[in-house]
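Peer 1: Quick one: the structure is below, questions incoming.
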Amino acid sequence: MLAERRASLILLAATVLAAWGWIFSKEAIQGLPPFGFVGLRFIAASLFLMPFCVKSFRRVEKADLLRAGGVGSILSCALLSWIYAMSVSTSIGEGAFIMSLSMLFVPPIAWLLFKQVPPRIFWFSMPIAVCGLALLSLGGVGWQLSASQIWFLLAAVCLAIHFNANSRYAQRIPALVLTCVQLFVTGVIATIASLSTETWPEHVPANIWIWFALSVVVATSLRYLMQTLGQKGASAANAAIIMILEPVWTVILSVVWYYEAMPGHKIAGCSLILASLLIYRGAQPLRNRIRRRMK
């Protein structure tokens, strides 16, 4: 019981670090081109992991490395869409909630790609999420998705596609190798996109590199390490529910750090999205727990 509680606390800390990652990224792209930031960040993260998986690389077939690279290209689409949305967004809090919808997009995409019928609970939770998204897009001219919301939504769809593909290949490729390859491919694609479309500043202030370092070390390496440790010790049900808290912390930080306005319709929209995720991720584990107690 103590080990489970400790693992839950580690996961809780990981969600806080993930939320800070939004702040670090937003600050870093004030002085770095967005795609270039993603490129440097993920190449650095992959090089950080490289020494820990050199031996595993030798045991993986070249075809599987190419597959891992293909999955990484999907991840790059998600992250380039995300960082572009960040660069044009005035509310990273609502962006975090839109991105969290990626878990609800996983079942229908699995249905389309692999003929896996979505669980029954999905059909209850998805309409609630759609209502939440509609409230987020409510503005002075009625319901209209902003450019940043569209890009966040596209990033969430790409993440859902990546989740499905990643789940397939995680069964045959060591997790550390799969992660390292994907991070490196994402970094390379983002760097190419940056060199092709962006202009780099002649001078980058020192404080920007501090934000960049924090995003690499704290929000990427340390965050994923803590998430992995927490998921090893916590039950799948607890881990799934705790990880939902990331957009909640992001909204709180965005309000405190950037003084972002959260009118009533946005609070209601975020609340509905959170409710849909809690229903989708928590209903089945709760039902299983009740059944065990009734036996």
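For the sequence shown, position 29 matches number 28 in numbering that gives the first Met the number 0, and the numbering has no gaps at all. The beta-carbon is built from N, C-alpha and C at its ideal position, and this holds for glycine as well.
1) Can you tell which of 121, 166, 229 has its C-alpha closest to the C-alpha of residue 295?
2) Just to confirm my understanding: we take residue 169, look at its own chain, exclude 5 residues before and 5 after, and list those with CB closer than 8 Å. What are they?
3) Consult DSSP for residue 115 and reduce its assignment to one of helix, strand or coil.
4) What whole-angstrom Cβ distance do residue 96 and residue 272 have, given they're in contact under 8 Å?
5) Which class does residue 233 belong to by DSSP, given the choice of helix, strand or coil?
6) Mind reading off the beta-carbon distance from residue 157 to residue 73? Whole number of angstroms is fine, and I expect it under 8 Å.
7) When you compare each of 62, 183, 246, 113 to residue 164 by their alpha carbons, which one comes out closest?
8) Are there three or more Cβ pairs, one per stretch, closer than 8 Å when the segment 189-196 is compared with the segment 24-38?
9) Taking the alpha-carbon of residue 150 as reference, which of 200, 104, 87 has the nearest alpha-carbon?
10) Using C-beta distances below 7 Å, list every residue in its chain close to residue 83, excluding the 5 sequence neighbours before and after it, in chain order.
11) Taking residue 217 and residue 16 to be in contact with their CB atoms under 8 Å, please state how far apart those CB atoms are, rounded to whole angstroms.
12) Which residues in the same chain as residue 146 place their Cβ atom closer than 7 Å to its Cβ, once the five residues preceding and following it in sequence are excluded?
13) Taking all protein chains shown into account, do 16 or more other C-beta atoms lie within 10 angstroms of the C-beta of residue 66, making it buried, or fewer, making it exposed?
14) Specify the secondary structure class of residue 4 as computed by DSSP and reduced to three states.
15) Helix, strand or coil, according to DSSP, for residue 140 in the structure here?
16) To which residues of the same chain is residue 131 closer than 6 Å at the C-beta, ignoring the five residues directly before and after it?
17) So residue 233 packs on residue 10, CB below 8 Å; how close in whole Å?
18) Hey, how far is the Cα of residue 254 from the Cα of residue 214?
19) Flag this pair as yes or no: are the beta carbons of residue 135 and residue 265 separated by less than 8 Å?
20) Closer than 7 Å by C-beta to residue 139: which residues in its own chain qualify, once you throw out the five before and the five after it? Chain order, please.
21) On the three-pair Cβ rule with 8 Å, is the segment 41-57 touching the segment 183-191?
22) Compute the distance between the beta-carbons of residue 98 and residue 13, then report whether it is under 8 Å.
23) For residue 199, collect the residues of the same chain with a Cβ closer than 7 Å to its Cβ; drop the 5 residues on either side in sequence, then sort them by chain order.
Peer 2: Reading it off the structure:
1) The displayed coordinates of the chain run from 0 to 294. Any statement about residue 295 would go beyond what the structure contains.
2) 177
3) coil
4) 5 Å
5) coil
6) 6 Å
7) 113
8) yes
9) 87
10) 33, 150
11) 6 Å
12) 87
13) buried
14) helix
15) Caution is warranted here: a pLDDT of 49 is assigned to residue 140, below 50, making its placement in the model unreliable, and the coordinate value is therefore given only provisionally. Residue 140 falls in the coil class under three-state DSSP.
16) 268, 271, 272
17) 6 Å
18) 20 Å
19) yes
20) Legend: pLDDT at residue 139 = 49, less than 50; position of this residue unreliable, no value from coordinates given.
21) yes
22) no
23) 32, 35
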